[in-house]
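Engineer: A single structure is presented below for examination.
Numbering (this note's numbering), first residue to last: 2 to 310.
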């Protein structure tokens with residue numbers, strides 16, 4: 002089953018983001034930069050607090066072939082990185098650049114020159130490209146992530162894409178959105194706001210690595226091995242866990258039941274055992290049983306690891 006996502010030009014707050022999460026959406030794509038439709042750190046925190054995963058888009062006047070030159074790509078690559086850093090986007094996550102017009106074969110050399118320019122100045126982040134079916138075929142192998150729109154695609158869908166936009170200008174929970182299917186992990190991120198809390202996993206048995214949570218759950222399309230050791234948790238879905246060695250950067254999906262894994266919470270300033278128990282949906286008594294080394298439940302320290310599963 003594919004995850005549900007939406008993109009919108011409307012600025013979101015905790016209330017509107019939570020309402021859209023209740024409508025069944027898992028992901029939202031929002032615009033980087035400094036305009037009426039862009040998001041800031043406060044909005045990123047509200048989106049994450051609502052339980053939505055955030056996908057970053059960078060788009061200026063990408064609606065005509067003349068815009069796409071190598072020089073413009075270089076400039077946009079630099080500007081996108083600056084904008085992503087300003088909102089606290091973690092390294093290793095995706096920024097999608099848009100090709101937002103009916104690009105014919107005559108426009109493809111311009112588009113390829115543009116992304117060649119982007120790659121010359123783009124650093125730290127992963128490159129995503131949005132466009133039609135024809136654009137997806139033209140740029141295949143030039144990016145880390147692919148997002149196809151149904152517009153100008155004549156019903157065709159590339160088989161390697163990460164997201165598919167299939168409906169535009171629909172009002173849901175009072176917000177005008179475009180609907181998307183999320184077919185593979187799209188390079189999303191979450192804002193931690195002021196909290197420095199992290200979740201970690203101890204993999205006790207070498208286990209299979211997968212590209213998606215669905216593959217991990219079904220035990221299909223194994224892509225490699227996750228070795229024993231300590232990992233950060235990047236994401237969780239359907240009981241599966243995405244583990245990574247680099248905090249904030251997507252890693253591999255595993256089935257925790259097959260890995261003998263133990264999940265930990267790293268204590269942040271302001272945490273308490275009761276607050277941690279509530280966060281993970283367990284009782285304080287169960288949390289104490291998992292952590293017999295803690296003799297005083299009122300005395301925990303920042304960066305201390307608390308077993309939660």
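Here a beta-carbon is modelled for each residue, glycine too, at the ideal position from N, C-alpha and C.
(1) Return the chain-ordered list of same chain residues with a C-beta closer than 8 angstroms to the C-beta of residue 15, the five sequence neighbours on each side being excluded.
(2) What three-state label does DSSP hand residue 73 in the structure shown?
(3) Taking just the CA atoms, how far does residue 6 sit from residue 1?
(4) Look at the Cβ atom of residue 232, then the Cβ atom of residue 204, and state whether they are nearer than 8 angstroms.
(5) Smallest Cα separation from residue 181: which of 90, 169, 82?
(6) Work out the CA separation of residue 310 and residue 276 for me, nearest whole Å.
(7) So residue 120 and residue 128 are supposed to be a Cβ contact under 8 angstroms. How far apart are they, rounded?
(8) Whose C-alpha, out of 158, 216, 175, is nearest the C-alpha of residue 239?
(9) Near residue 268, which residues of its chain fall below 8 angstroms by C-beta distance, leaving aside the five closest residues on each side in sequence?
(10) I need the straight-line Cα distance from residue 244 to residue 107, nearest angstrom please.
(11) From 115, 30, 90, pick the residue whose C-alpha is nearest to that of residue 65; which is it?
(12) For residue 72, tell me which candidate among 12, 113, 133 has the shortest Cα-Cα distance.
(13) Would residue 85 pass as a contact of residue 32 if the rule is Cβ separation under 8 angstroms?
(14) Write down the C-beta distance between residue 95 and residue 187 rounded to the nearest angstrom, noting that I regard them as a contact closer than 8 angstroms.
(15) Please classify residue 105 as buried or exposed, where buried requires at least 16 other C-beta atoms within 10 Å of its C-beta.
(16) With a cut-off of 8 angstroms on the beta carbons, I'd call residue 213 and residue 254 a contact; round off their distance for me.
(17) What residues in its chain sit with their C-beta under 7 angstroms from that of residue 41, if we drop five residues either side in the sequence?
(18) Hey, out of 122, 163, 17, whose CA is closest to residue 134's CA?
(19) Indicate the three-state DSSP secondary structure (helix, strand or coil) for residue 162 in the structure shown.
(20) Going by DSSP, name the residue or residues bridged to residue 225.
(21) Given this structure, state the Cα-to-Cα distance separating residue 91 from residue 124, to the nearest angstrom.
(22) Quick check: what's the CA-CA separation for residue 196 versus residue 122?
Structural biologist: In short:
(1) 47, 50, 51
(2) helix
(3) The structure shown does not extend to residue 1, since the chain is modelled only from 2 through 310, so no value can be given for it.
(4) yes
(5) 169
(6) 15 angstroms
(7) 7 angstroms
(8) 216
(9) 198, 277, 301, 302, 303, 304, 305, 306, 307
(10) 43 angstroms
(11) 115
(12) 113
(13) no
(14) 6 angstroms
(15) exposed
(16) 6 angstroms
(17) 88
(18) 163
(19) coil
(20) 210
(21) 12 angstroms
(22) Note on residue 196: pLDDT 34, under 50, position unreliable in the model; no value is reported.
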